[in-house]
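These protein sequences, in sequence, are chains V and X. Each residue of the first sequence is one higher than the last, beginning at 1 in this note's numbering. Each residue of the second sequence is one higher than the last, beginning at 1 in this note's numbering. For every residue, glycine included, the Cβ atom is placed at its ideal position computed from N, Cα and C. None of these values were measured; they are calculated from a predicted model. Okay, so here's the structure we're looking at.
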Amino acid sequence: MTQNAARLNDEHLRRALIEMAGSPDSDALLTDVLRIVDAQAQVARRPWTVGRWRRSMLMLVAVLLVAGAIGATIALSQPDPEPQPSPSPQSEGAISVPDFVVPFTYHVPVGGPGKLGRYGPKEPAVIYARVSGSRKLQLFLVNGVHDCEEGREGMVLDRDPTSFLEGLHELLGVGMGRIGATTLGNLPAVAADIDPQDNTCLALHEDRLGLGYATKEPHLSRPGRLIIADAGTQILGVYISAPTKDELAEWMPMAQAYVNSFVFPQTEASDGPTPSAQLQETRP
Amino acid sequence: MQVTAAALRPDEEVSLVARAAAGDRDAFAALIEPRVDRILRTARAILDDDTDAHDAAQEALVAAWVNLPRLREESRFDAWLNRLLVNACREGLRRRRRNRETHVEADVASADFSGHSLETASVRSAFGRLSIDERSILLLHHLHGMPVDQVARHLGVPVGTAKSRLWHARRTLERALEAER
Numbered sequence: 001m002t003q004n005a006a007r008l009n010d011e012h013l014r015r016a017l018i019e020m021a022g023s024p025d026s027d028a029l030l031t032d033v034l035r036i037v038d039a040q041a042q043v044a045r046r047p048w049t050v051g052r053w054r055r056s057m058l059m060l061v062a063v064l065l066v067a068g069a070i071g072a073t074i075a076l077s078q079p080d081p082e083p084q085p086s087p088s089p090q091s092e093g094a095i096s097v098p099d100f101v102v103p104f105t106y107h108v109p110v111g112g113p114g115k116l117g118r119y120g121p122k123e124p125a126v127i128y129a130r131v132s133g134s135r136k137l138q139l140f141l142v143n144g145v146h147d148c149e150e151g152r153e154g155m156v157l158d159r160d161p162t163s164f165l166e167g168l169h170e171l172l173g174v175g176m177g178r179i180g181a182t183t184l185g186n187l188p189a190v191a192a193d194i195d196p197q198d199n200t201c202l203a204l205h206e207d208r209l210g211l212g213y214a215t216k217e218p219h220l221s222r223p224g225r226l227i228i229a230d231a232g233t234q235i236l237g238v239y240i241s242a243p244t245k246d247e248l249a250e251w252m253p254m255a256q257a258y259v260n261s262f263v264f265p266q267t268e269a270s271d272g273p274t275p276s277a278q279l280q281e282t283r284p
Numbered sequence: 001m002q003v004t005a006a007a008l009r010p011d012e013e014v015s016l017v018a019r020a021a022a023g024d025r026d027a028f029a030a031l032i033e034p035r036v037d038r039i040l041r042t043a044r045a046i047l048d049d050d051t052d053a054h055d056a057a058q059e060a061l062v063a064a065w066v067n068l069p070r071l072r073e074e075s076r077f078d079a080w081l082n083r084l085l086v087n088a089c090r091e092g093l094r095r096r097r098r099n100r101e102t103h104v105e106a107d108v109a110s111a112d113f114s115g116h117s118l119e120t121a122s123v124r125s126a127f128g129r130l131s132i133d134e135r136s137i138l139l140l141h142h143l144h145g146m147p148v149d150q151v152a153r154h155l156g157v158p159v160g161t162a163k164s165r166l167w168h169a170r171r172t173l174e175r176a177l178e179a180e181r
């Protein structure tokens with residue numbers, strides 16, 4: 001058996017794949033696609049999309065404004081004699097959540113709404129904090145399968161965090177701001193602000209392995225921030241949301257304090273094992 | 001065998017993507033023409049069926065046209081298109097299962113391999129046991145001859161991640177081959 005597997009060298013594999021790919025009629029495909037394209041409208045361009053030149057100018061103006069503000073602050077302000085208090089001090093004692101899909105610990109911030117909850121005793125994949133039922137923080141498993149509307153087949157997105165967010169926007173039409181680096185507790189992560197006004201996929205929810213908790217999933221139909229991190233064996237997401245942007249701004253520091261306190265078990269680098277010799281690049 | 005996605009310079013590519021995103025149908029045609037053969041052969045190898053491959057490739061290319069205005073970075077067109085194709089292939093497999101048509105694995109198990117070498121028959125059968133993502137990355141590297149950095153660009157992931165995924169896909173294929181024996 002091992003001998004058979006070992007016989008699969010690159011050349012054998014390449015020859016087999018060429019046979020499998022065959023010689024399909026690409027001209028017919030091109031003709032069909034262009035005929036459909038002639039009658040098919042494109043989606044509207046993102047309202048905040050700007051040209052590269054204009055984008056560069058906007059960035060330059062923003063940088064100058066920020067630099068000016070920093071300069072003015074330095075020039076006008078006295079040194080602060082007292083260190084700033086932590087904006088979100090934590091209560092004593094880490095709380096362990098061993099039965100989430102990725103076990104973790106967290107702290108309840110002082111003034112926070114209390115311990116994180118779950119939708120049901122058998123719910124393995126969504127943890128949440130909620131204030132008066134309207135401001136939410138949801139920690140959930142990302143399996144990459146999303147539905148956009150009832151009855152429509154889920155779409156599978158790349159599980160790489162950045163690609164996942166881009167897929168939400170580019171493939172499913174989720175209204176989204178710029179994607180930036182952040183952290184999810186002790187994990188490196190990426191995040192983007194969700195703007196439902198630009199969302200063409202209001203009923204978006206995750207399938208999450210088809211467990212049938214569709215009504216309890218984080219719907220990205222409210223203003224919020226979506227944070228995605230690779231936890232090694234699983235991809236995790238946090239959605240911080242509120243009914244309005246003003247409420248979100250009020251809720252965000254407290255929600256972020258929860259997120260900052262998350263500690264997940266450290267795993268090996270997500271890049272995986274050192275590639276074998278057979279995967280060394282073979283540039284032409 | 002080295003297959004490049006297109007013979008255009010990168011700046012020409014970006015310009016074509018931008019024009020196509022603005023609704024220029026001719027620019028879109030120029031953009032996809034050099035890619036159609038690779039896309040269709042990839043779909044053919046993944047789905048193991050000419051008709052399904054045609055449908056999946058067509059679905060991916062039409063989706064690319066429709067959603068192109070949403071693409072943030074023109075330079076990532078190939079990565080985006082590849083993801084559309086992988087999703088279309090996955091959807092094609094789902095449709096096949098839903099319609100109770102021949103499952104890929106069953107198809108492979110009972111397929112007529114008379115036209116193929118024994119080696120290809122084994123690989124083909126084992127290949128059908130891989131995930132769509134695993135099939136896709138193996139095809140990019142071993143069928144289309146892309147070096148790992150180009151594979152990484154096509155998948156929109158770091159080079160290290162592409163190497164890791166390629167390594168895992170290759171190992172999975174080898175294990176599947178062992179299981180076939």
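Burial state of residue i, where buried means 16 or more other Cβ atoms lie within 10 Å
i, result
"A21/X", "buried"
"E250/V", "exposed"
"Q266/V", "exposed"
"E59/X", "buried"
"V190/V", "buried"
"A39/V", "exposed"
"A197/V", "The question names Ala, but residue 197/V is Gln in the sequence shown. Exposed is the call here."
"I95/V", "exposed"
"V151/X", "buried"
"E82/V", "At E82/V, the pLDDT of 34 sits below 50, so the modelled position is not reliable and the matter cannot be decided from this model."
"G237/V", "buried"
"A41/V", "exposed"
"P253/V", "exposed"
"A169/X", "buried"
Length of the line joining the Cα atoms of residue i and residue j
i, j, result
"H144/X", "R38/X", "7 angstroms"
"L130/X", "R76/X", "26 angstroms"
"L30/V", "C89/X", "18 angstroms"
"H107/V", "V259/V", "9 angstroms"
"A56/X", "L226/V", "31 angstroms"
"R94/X", "L116/V", "37 angstroms"
"T244/V", "V14/X", "38 angstroms"
"D48/X", "E91/X", "14 angstroms"
"T182/V", "P161/V", "11 angstroms"
"D99/V", "R118/V", "11 angstroms"
"S134/V", "N67/X", "33 angstroms"
"P109/V", "F262/V", "11 angstroms"
"A162/X", "M20/V", "23 angstroms"
"E180/X", "D10/V", "19 angstroms"
"I137/X", "L81/X", "14 angstroms"
"H141/X", "R83/X", "16 angstroms"
"D24/X", "R41/X", "26 angstroms"
"D25/V", "A16/V", "20 angstroms"
"V123/X", "G22/V", "14 angstroms"
"E247/V", "Q256/V", "14 angstroms"
"R14/V", "G177/V", "42 angstroms"
"I32/X", "E74/X", "14 angstroms"
Own chain, CB closer than 7 angstroms to residue i, minus 5 neighbours either side, in chain order
i, result
"F264/V", "V102, F104, G185, N186, L187, A231"
"A27/X", "L16, R19, A20"
"R153/X", "D78, A79"
"T172/X", "L130, E134"
"R222/V", "P196, S241, A242, P243"
"D50/X", "R44"
Same chain only: Cβ atoms within 6 angstroms of residue i, ignoring 5 sequence neighbours per side
i, result
"Y331/V", "Because chain V is modelled from 1 through 284, residue 331/V falls outside the range shown and cannot be assessed."
"W53/V", "Unreliable positioning characterises W53/V in this predicted model, as indicated by a pLDDT of 49, which lies under 50. The coordinate reading is nonetheless provided below. For W53/V, where only same-chain residues beyond five positions count, there are no Cβ hits under 6 angstroms."
"V97/V", "F104"
CB-CB length for residue i against residue j, believed under 8 angstroms
i, j, result
"A29/X", "A43/X", "The Cβ separation is near 19 angstroms, so there is no contact."
"L139/X", "A45/X", "6 angstroms"
"E178/X", "H12/V", "That belief does not hold up - the Cβ atoms of E178/X and H12/V are roughly 15 angstroms apart, past 8 angstroms."
"W167/X", "V37/V", "With a Cβ gap of about 38 angstroms, W167/X and V37/V do not count as contacting."
"V33/V", "V62/X", "6 angstroms"
"V43/V", "P158/X", "So it is not a contact: roughly 29 angstroms between Cβ atoms."
"A121/X", "A176/X", "That pair is no contact at about 13 angstroms."
"V142/V", "I228/V", "6 angstroms"
Sequence-distant residues of its chain with Cβ nearer than 8 angstroms to residue i (five each side left out)
i, result
"I179/V", "T162, L165, E166, V190, A191, A192"
"D27/V", "none"
"V148/X", "H141, V159, A162, K163, L166"
"G321/V", "Beyond the ends of chain V as shown, which are 1 and 284, falls residue 321/V; an answer cannot be given."
"L71/X", "V17, A21, F77, W80"
"E170/V", "none"
"I132/X", "I46, V86, C89, R90, L93"
"V36/X", "A57, L61"
Unbroken stretches of the beta strand (DSSP E), 3 residues or longer, contained in the segment 31–101 of chain X:
none
Alpha helix (DSSP H) runs wholly inside the segment 153–194 of chain V, at least 4 long, in chain order:
With a minimum length of 4 residues, the continuous alpha helix (DSSP H) runs that stay inside the segment 153–194 of chain V are 161–170.
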